[in-house]
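Number of protein chains: 2
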Amino acid sequence: MQLPLNRLPAVKLARMLSAREVTCEAVTHSFLDAVEQREAEVRAFAWIDPERALNIAREFDRAGGLGLLAGLPIAVKDVIDTAGIPTECGSPIFAGRLPQADAACVATARAAGGYVFGKTVTAEMANFTPGATRNPHAPAHTPGGSSSGSAAAVAARMAPFALGTQTAGSVIRPAAFCGVVGFVPTRGAIPRAGVLQVSDTLDVVGCFASTVEDAALLADVLSMRASQGMVTKSAAPSIAWTDTPWAAQLTASMSEAFSRVVRLCSDHGASVRQAVWSDLFATLVDAQRTVQVFETARAFTDESDSARERLSAPLAALIDEGRAISAARYVSALQCGRACAGTIDQLFGGADVLLAPSAPGAAPHGLESTGDPTFNRPWHLLGGPQINIPLPRSITHSASDLPLGVQLVGRPGDDVRLMAAAYWLEQRLLQASA
Amino acid sequence: MQLPLNRLPAVKLARMLSAREVTCEAVTHSFLDAVEQREAEVRAFAWIDPERALNIAREFDRAGGLGLLAGLPIAVKDVIDTAGIPTECGSPIFAGRLPQADAACVATARAAGGYVFGKTVTAEMANFTPGATRNPHAPAHTPGGSSSGSAAAVAARMAPFALGTQTAGSVIRPAAFCGVVGFVPTRGAIPRAGVLQVSDTLDVVGCFASTVEDAALLADVLSMRASQGMVTKSAAPSIAWTDTPWAAQLTASMSEAFSRVVRLCSDHGASVRQAVWSDLFATLVDAQRTVQVFETARAFTDESDSARERLSAPLAALIDEGRAISAARYVSALQCGRACAGTIDQLFGGADVLLAPSAPGAAPHGLESTGDPTFNRPWHLLGGPQINIPLPRSITHSASDLPLGVQLVGRPGDDVRLMAAAYWLEQRLLQASA
Chain A
1 MQLPLNRLPA VKLARMLSAR EVTCEAVTHS FLDAVEQREA EVRAFAWIDP
51 ERALNIAREF DRAGGLGLLA GLPIAVKDVI DTAGIPTECG SPIFAGRLPQ
101 ADAACVATAR AAGGYVFGKT VTAEMANFTP GATRNPHAPA HTPGGSSSGS
151 AAAVAARMAP FALGTQTAGS VIRPAAFCGV VGFVPTRGAI PRAGVLQVSD
201 TLDVVGCFAS TVEDAALLAD VLSMRASQGM VTKSAAPSIA WTDTPWAAQL
251 TASMSEAFSR VVRLCSDHGA SVRQAVWSDL FATLVDAQRT VQVFETARAF
301 TDESDSARER LSAPLAALID EGRAISAARY VSALQCGRAC AGTIDQLFGG
351 ADVLLAPSAP GAAPHGLEST GDPTFNRPWH LLGGPQINIP LPRSITHSAS
401 DLPLGVQLVG RPGDDVRLMA AAYWLEQRLL QASA
Chain B
435 MQLPLNRLPA VKLARMLSAR EVTCEAVTHS FLDAVEQREA EVRAFAWIDP
485 ERALNIAREF DRAGGLGLLA GLPIAVKDVI DTAGIPTECG SPIFAGRLPQ
535 ADAACVATAR AAGGYVFGKT VTAEMANFTP GATRNPHAPA HTPGGSSSGS
585 AAAVAARMAP FALGTQTAGS VIRPAAFCGV VGFVPTRGAI PRAGVLQVSD
635 TLDVVGCFAS TVEDAALLAD VLSMRASQGM VTKSAAPSIA WTDTPWAAQL
685 TASMSEAFSR VVRLCSDHGA SVRQAVWSDL FATLVDAQRT VQVFETARAF
735 TDESDSARER LSAPLAALID EGRAISAARY VSALQCGRAC AGTIDQLFGG
785 ADVLLAPSAP GAAPHGLEST GDPTFNRPWH LLGGPQINIP LPRSITHSAS
835 DLPLGVQLVG RPGDDVRLMA AAYWLEQRLL QASA
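First to last, the protein sequences are chains A and B.
Numbering follows our numbering, with no gaps: position 334 of the first sequence is 334.
Numbering follows our numbering, with no gaps: position 111 of the second sequence is 545.
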């Protein structure tokens with residue numbers, strides 16, 4: 001039986017489109033069918049226009065000769081500017097905002113033959129107050145956030161790709177909760193011009209997709225290294241695993257699944273050892289939060305000073321908290337991040353990558369919170385690449401439909417090695433579930 | 435004869451203040467006297483409040499126990515947020531804007547015992563349309579820009595320190611035109627939260643001061659490495675000099691003065707050779723401009739979309755130009771910068787630093803332009819540290835009062851080595867003029 005187009009990997013769709021074995025219109029139709037079936041429940045999109053999408057697809061079919069993205073649709077988080085398409089940042093402050101220029105990442109994706117399929121729901125201004133999106137696997141549960149709609153759209157097969165942003169865990173956590181691949185490249189790899197600033201030090205543009213190869217295709221284009229090919233199929237990597245100093249916060253099922261993943265890596269020939277945390281590295285969680293909150297208060301100065309009544313109470317409180325943080329504490333937090341990044345081999349040892357839980361467990365019940373970023377904060381302050389890999393049922397042993405995810409973390413700049421390890425792990429997990 | 439306090443180096447003032455050999459009030463009075471004498475002509479300040487400054491100084495004198503900046507005043511470019519002090523960005527769009535939080539760099543300086551002495555005139559939104567500031571050495575000439583008031587305030591001894599920002603040459607060029615030290619650290623060394631974004635890839639916070647040691651004192655605090663001490667007094671550095679592929683644009687006096695500096699370095703035992711430009715490096719000027727203009731169009735989307743009539747015609751045109759730049763051209767420009775940074779030793783050879791002109795010549799006549807950034811663009815895209823060092827009359831052989839400057843450029847991250855070389859060169863220049 002043939003899978004519907006929207007269930008094929010993006011890399012396969014791109015090959016078929018380039019070979020003209022399928023039309024952009026048919027591909028777009030397939031994703032629009034999924035939108036038709038799922039969107040009323042999932043609520044991933046802040047804006048979508050099926051007719052516009054089909055017109056672009058037909059024009060692509062006429063013009064031909066597209067780039068690496070071959071005419072594929074991309075869902076874009078609504079804090080990323082899109083020319084002539086509303087970009088409202090999940091806040092009434094930005095209601096009706098219609099930028100006239102694409103963000104750099106959107107322009108780059110479009111130049112490579114992608115197009116803006118729709119804008120996805122974000123938590124308020126890429127922070128913590130959720131939008132309307134529900135977890136596609138269980139609508140009473142959060143999809144995670146702040147890139148809520150991007151993760152949910154890919155999980156519900158309503159888009160092959162989505163763009164998101166991460167300041168703490170806004171890509172990795174929703175990817176884990178929704179059961180998709182979420183990739184955050186090394187800080188600075190993808191230009192941020194035209195993206196709402198939350199924390200100048202921490203903000204990173206990231207990618208959602210269904211497979212590691214798909215995420216690498218989009219990330220390669222956006223980080224302008226497409227010619228290098230990000231996924232190299234390599235031998236078993238060396239892995240330092242860690243359930244982190246916050247392991248007591250893991251659910252039993254996450255903890256058990258994580259142990260099974262470590263064992264699977266070892267069984268398949270990876271060199272596996274446990275990472276050792278120094279006292280300095282254990283302060284990364286607090287330090288990341290300090291940098292984020294201090295800088296968020298600066299990024300949203302104008303909104304807070306002139307439109308405070310249109311901020312959610314939690315965001316207004318966060319800004320107040322950020323203003324009250326002393327410069328000395330902020331400087332210490334930044335210094336902690338730099339010191340850890342400068343001595344990162346203490347944690348990695350000789351390993352290629354770290355392996356850690358992506359979240360404390362599955363998506364919590366309720367839509368009033370996007371979940372806990374504790375397991376994301378330390379890696380994000382280090383500034384290196386991070387990727388969530390969803391776990392198959394054979395590993396989770398779960399009775400529920402809610403996914404679990406593990407993440408691989410690389411040294412800053414080591415994106416190619418991280419993606420090779422991620423591909424290796426994804427393939428071993430697929431074998432295990434076959 | 436005793437020099438007035440405002441003519442002493444900041445490092446000396448800091449030592450005297452810490453030892454309580456002088457009061458903050460007396461120091462502040464001395465700079466306010468200079469403001470009284472020079473500001474009507476120079477117009478360096480967008481905002482200054484002498485009574486407030488004196489009150490802060492007196493409170494410092496009462497409290498004591500200040501940090502490395504010891505109660506010294508700092509002039510702050512008006513694109514950098516200051517809590518409770520107008521921050522209008524040189525644009526009517528921001529008239530009356532009164533942020534309630536200090537930018538991260540201002541908060542850091544204040545935590546180290548500095549205080550905001552005044553806000554300095556910036557070219558419109560840190561771009562190219564000048565404000566009211568005149569060159570302190572010749573009021574019919576531009577002070578350079580966009581950090582016009584910061585350079586002029588330090589040159590006129592109205593402040594010991596000033597903060598600026600640079601996207602192309604907005605620190606180095608006004609420092610050269612005004613005859614002060616201007617230091618741009620490695621991209622990312624000083625946090626930018628609370629600073630107007632012009633180009634996310636390129637914007638850097640920089641420092642103005644009267645001497646290399648003074649600039650290092652402020653930069654050490656802001657880049658959170660104060661304990662390391664940025665100026666090490668080292669032996670003669672190895673220097674690769676270059677008048678760049680744009681040497682034909684240098685004035686005769688700049689060209690001759692530059693040759694004399696090269697000879698002086700050699701005469702004092704520096705290892706000196708000429709840098710060799712590959713074709714790739716020669717494209718850095720165009721590439722920097724492309725990245726800047728493309729990203730500026732994204733940074734000012736809201737201003738352009740909703741307040742276009744309050745932009746200057748040149749800035750509106752620049753935004754239009756940025757919107758019309760193709761993503762492919764933008765990506766090529768970023769790739770050029772990354773490729774050059776990745777092969778920077780081709781240009782540096784084994785040298786510690788590069789030596790180059792800071793500008794085509796002295797400050798041009800007229801106030802309608804801030805001068806030509808061609809000699810700044812290539813270094814700024816590379817992302818490493820840059821410093822302007824003013825030349826004494828014995829080197830410039832100039833009949834006019836207008837200063838000339840040379841710059842040293844370091845590899846990204848090599849700030850300590852750059853400052854050591856800068857201190858060495860500054861001392862040799864002072865010897866030559868003695």
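The beta-carbon is built from N, C-alpha and C at its ideal position, and this holds for glycine as well.
Everything numeric in this text was worked out from a predicted model, so none of it was measured.
Does the Cβ-Cβ distance between residue i and residue j come in under 9 Å?
i	j	result
residue 503 of chain B	residue 539 of chain B	no
residue 688 of chain B	residue 795 of chain B	yes
residue 16 of chain A	residue 75 of chain A	no
residue 287 of chain A	residue 381 of chain A	yes
residue 463 of chain A	residue 134 of chain A	Outside the modelled stretch of chain A, which goes from 1 to 434, sits residue 463 of chain A, for which no answer is possible.
residue 642 of chain B	residue 551 of chain B	no
residue 144 of chain A	residue 290 of chain A	no
residue 436 of chain A	residue 102 of chain A	Since the displayed chain A opens at 1 and closes at 434, residue 436 of chain A lies outside it and no answer follows.
residue 616 of chain B	residue 625 of chain B	no
residue 47 of chain A	residue 86 of chain A	yes
residue 586 of chain B	residue 468 of chain B	no
residue 648 of chain B	residue 594 of chain B	yes
Between the options, which lies nearest to residue i when the distance is taken from Cα to Cα?
i	options	result
residue 719 of chain B	B:750, B:684, B:679	B:679
residue 629 of chain B	A:302, A:328, A:262, A:33	A:302
residue 313 of chain A	A:82, A:41, A:91	A:91
residue 411 of chain A	A:179, A:26, A:421, A:102	A:421
residue 418 of chain A	A:153, A:49, A:184, A:369	A:184
residue 428 of chain A	A:170, A:213, A:334, A:268	A:268
residue 140 of chain A	A:289, A:407, A:402	A:402
residue 603 of chain B	B:632, B:587, B:590, B:625	B:632
residue 28 of chain A	A:13, A:54, A:19, A:45	A:54
residue 765 of chain B	A:88, A:21, A:220	A:220
residue 773 of chain B	B:457, B:817, B:665, B:485	B:817
residue 235 of chain A	A:222, A:329, A:352	A:352
residue 179 of chain A	A:413, A:424, A:433, A:392	A:392
residue 907 of chain B	B:860, B:441, B:438, B:445	The question about residue 907 of chain B has no answer, for chain B in this structure spans 435 to 868.
residue 792 of chain B	B:847, B:645, B:532, B:681	B:681
residue 404 of chain A	A:107, A:19, A:258, A:51	A:258
residue 768 of chain B	A:121, A:188, A:100	A:188
residue 419 of chain B	B:582, B:788, B:611	In the structure as shown, chain B starts at 435 and stops at 868, and residue 419 of chain B therefore has no counterpart that could be examined.
residue 237 of chain A	A:416, A:19, A:38, A:26	A:416
In the DSSP assignment, find the unbroken alpha helix (DSSP H) run with residue i in it and report its ends.
i	result
residue 207 of chain A	That residue, residue 207 of chain A, is in no alpha helix (DSSP H); its beta strand (DSSP E) goes 204-209.
residue 481 of chain B	Element bounds for residue 481 of chain B: not the alpha helix (DSSP H) but the beta strand (DSSP E), 479-482.
residue 591 of chain B	Premise fails: residue 591 of chain B is in no alpha helix (DSSP H) and is neither H nor E.
residue 861 of chain B	849-867
residue 465 of chain B	458-476
residue 342 of chain A	327-342
Looking at the secondary structure, which residues open and close the beta strand (DSSP E) in which residue i lies?
i	result
residue 393 of chain A	Per DSSP, residue 393 of chain A belongs to no beta strand (DSSP E); it is in the alpha helix (DSSP H), 393-396.
residue 15 of chain A	Looking at the DSSP string, residue 15 of chain A is not in any beta strand (DSSP E); the run it does join, the alpha helix (DSSP H), is 10-18.
residue 442 of chain A	Nothing about residue 442 of chain A can be read from this structure; chain A reaches only from 1 to 434.
residue 269 of chain A	No beta strand (DSSP E) contains residue 269 of chain A, which DSSP labels as neither H nor E.
residue 790 of chain B	787-791
residue 842 of chain B	839-843
residue 753 of chain B	Counting along the chain, residue 753 of chain B falls outside any beta strand (DSSP E), though it belongs to the alpha helix (DSSP H) covering 747-758.
residue 183 of chain A	181-184
Show which residues of chain A have a CB atom less than 7 Å away from the CB atom of residue i.
i	result
residue 626 of chain B	200
By the criterion of Cβ-Cβ separation under 8 Å, what are the contact partners of residue i in chain E?
i	result
residue 81 of chain A	Of the protein chains in the structure, A and B, none is chain E.
Which residues in chain B have a C-beta closer than 9 Å to the C-beta of residue i? List them in chain order.
i	result
residue 217 of chain A	Per Cβ cutoff of 9 Å: no residues; residue 217 of chain A is ~16 Å from chain B at best.
Please compile the residues from chain B whose C-beta is within a distance smaller than 7 Å of the C-beta of residue i.
i	result
residue 335 of chain A	658
residue 73 of chain A	Those do not exist, as residue 73 of chain A stays about 18 Å from chain B at its closest Cβ, beyond 7 Å.
Kindly list, in the order they appear in chain B, the residues whose Cβ is closer than 8 Å to that of residue i.
i	result
residue 100 of chain A	735, 738, 739, 757
residue 111 of chain A	760, 761, 762, 765
residue 103 of chain A	732
Would you call the segment 705-725 of chain B in contact with the segment 769-786 of chain B, where contact means no fewer than 3 C-beta pairs closer than 8 Å? yes
- Is it true that the segment 746-766 of chain B meets the segment 722-732 of chain B, where meeting means three or more beta-carbon pairs spaced less than 8 Å apart? yes
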